[in-house]
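Take any residue in the sequence shown, count from 1 to its spot, add 112: that is its number in my numbering.
Below: one structure, written as structure tokens.
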Amino acid sequence: MRLRSDIKTAFFFARKDTLKNKRVFALIIIAIAFATANIIIINGFMDGFSNSLMDVTLDISSGHVNIYPKDNERYIEGLGIKELKLSGMENVVAHSPRLYSSGTLSYKGKTKTVKIVALDPEKERDVTTILGKITEGGTLTRENEILISYRLAEDLGAKAGGEATLVFENGNSKTYRIKGITRTGVMDLDANGVIMYMDEVNRILGLSGKASIIMVKLSDREMAEEYSGILKKELEVTKVKVWREEIEGIVGSMNTIKKMTDTVIAVGLFAAAVSVGVIIYVNVINRRRQIGIMKAIGMNGSIIFTVYLMEALFLAVIGVAGGDAIGYLGTKYLETKPFYCPIIKEYISAKFYTYLLYDASIISGAVVVLAGMYPAFIAGRTNIIKAIWGT
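See below:
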């Protein structure tokens, strides 16, 4: 009964003290609310950006399962047999082999090192959208045509319809018509990529039935782990990666960016915490005589500690609730107002997930309550005589 009575007493004084200065109360609530909303909106935006970046990477340069050459080997051998087996496998929707090479591209006296991506357009369209990322000109229709990245076109001053000379890694060279300019949103391809027919590259390099990668599209990408083992066994290959492994680099990059956004969030939380801590501390200093009288009439230190801790808790609950509302509305608004990202050539919007509310509420609430503990502790240990005499 006594514990319940003490809590009621602490609650009464805490509520009365908190609402005494409504202007200061409102400013603190606003600071906590915006710090909380900041967590929700920034993390919602980062989730939306990372999801878009991963989707673009998968759409452009990866299948649900990718087959690679054996370790210490450059090419996959027996491509024809492997493709025949893939065509007859259940849940394999499509597949597309690629051959990667390098060389130099020259256009009107300017030369740049390039990465060659050789593919079969008909098969590629069923697995990725890379051939749909053309900003100028058209797609491949003949073996004497190439597509070049927009960055490469800018560096060389090249235009769709022009002719450029491609020197392959074995020294052979040939002049090709630039059929189109691409902008895929994948950095290495956009930097210096040249896309062309696979049969053409195989012929010039003197290869036959070889590939650098076979991208496999399944009826459901969540089956990738299961089919990884099946493909190893059926195709007699040893190196297979599922789509989750292919985007590990992106996840790592996004984690780095998230660390920077966490710093921004921390600054907002620190400001809110300092506001709460300072206000409660000032209240303690200004009410030392009142605290002394409260102790003199029988209120012990633990109740006084609880009073000021409850003040911090009131501020935390109201501020966090307001921040959750602002964060939710802000994130939902940004979901409906996507903006165009020129880097990945896609529209990006924030994404709201319930866990964002939970995380923001717990973090903000804990920080604010902890900020109020020190002044509450000081209040609880106030000396009666010194407090009453104001010394």
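Beta carbons: idealized from backbone N, C-alpha and C, even for Gly.
Being a predicted model, the structure only gives us computed values, none of them experimental.
- Inter-residue Cα distance where the pair is V105 and T368: Coverage of the chain is limited to positions 113 through 503, which leaves residue 105 absent and any answer about it impossible.
- Counting pairs of Cβ atoms below 8 Å between the stretch 205-222 and the stretch 387-394, do you hit three or more? no
- Message: Taking only three categories from DSSP, how would you classify E266?
- Response: helix
- Task: Whole angstroms is fine: what's the gap from K197's alpha carbon to L347's?
- Result: 7 Å
- Query: Alpha carbon to alpha carbon, what distance is there between N256 and G249?
  - Reply: 15 Å
- Task: May I ask which residues mark the beginning and end of the beta strand (DSSP E) holding I228?
- Result: 222-231
- What is the rounded straight-line gap between the Cα of G484 and the Cα of L469? 22 Å
- Would the beta-carbon of I293 fall within 9 Å of that of I246? yes
- Query: CA-CA distance, V306 and S324?
  - Reply: 16 Å
- Query: Got a sec? Which residues, its chain only, sit under 8 Å from V429 by beta carbon, not counting five neighbours each side?
  - Reply: G477
- Message: Cutting at 6 Å between CB atoms, please list the residues of its own chain near Y486, excluding the five before and the five after it.
- Response: none
- Whole runs of the alpha helix (DSSP H) within the stretch 131-186, excluding any shorter than 4 residues: 134-173
- From the DSSP output, which residues share a beta bridge with L217? K224, L278
- Task: Would you kindly report the start and end of the unbroken alpha helix (DSSP H) that includes E257?
- Result: Segment 257-261 is the beta strand (DSSP E) holding E257; no alpha helix (DSSP H) there.
- I391 bridges to which residues according to DSSP? Partner(s): none; I391 has no beta bridge.
- Item | Exposure of N194, with buried meaning 16 or more beta-carbon neighbours within 10 Å | Per the sequence shown, the amino acid found at residue 194 is Lys instead of Asn. Its Cβ being crowded by 16 or more others within 10 Å, K194 is buried.
- Could you check the C-alpha separation between L343 and L425 for me, to the nearest Å? 57 Å
- Query: Name the DSSP bridge partner or partners of A323?
  - Reply: I188
- Item | Closest Cα partner of I475 within the set A149, N184, R135, L139 | A149
- Message: Just verifying my parser: in three-state terms, what is the DSSP assignment at F382?
- Response: helix
- Taking only the alpha-carbon atoms, compute the straight-line gap between S340 and D238 and give it to the nearest angstrom. 20 Å
- Message: Here's the rule I'm using: 16 or more other beta-carbon atoms within 10 Å means buried, otherwise exposed. How should E451 be labelled?
- Response: The amino acid at residue 451 is misidentified as Glu; the sequence shows Phe. So F451 counts as exposed.
- Extent of the continuous alpha helix (DSSP H) run through S340: 336-347
- Message: Going by DSSP, what residue range makes up the beta strand (DSSP E) through M308?
- Response: 305-309
- Query: Do you know how far the Cα of I152 is from the Cα of Y309?
  - Reply: 47 Å
- Item | Rounded separation between L264 and V352 - CA only | 31 Å
- Query: Between the Cα of D332 and the Cα atoms of N163, A206, E234, which residue gives the shortest distance?
  - Reply: A206
- Message: I need the straight-line Cα distance from K322 to N282, nearest angstrom please.
- Response: 16 Å
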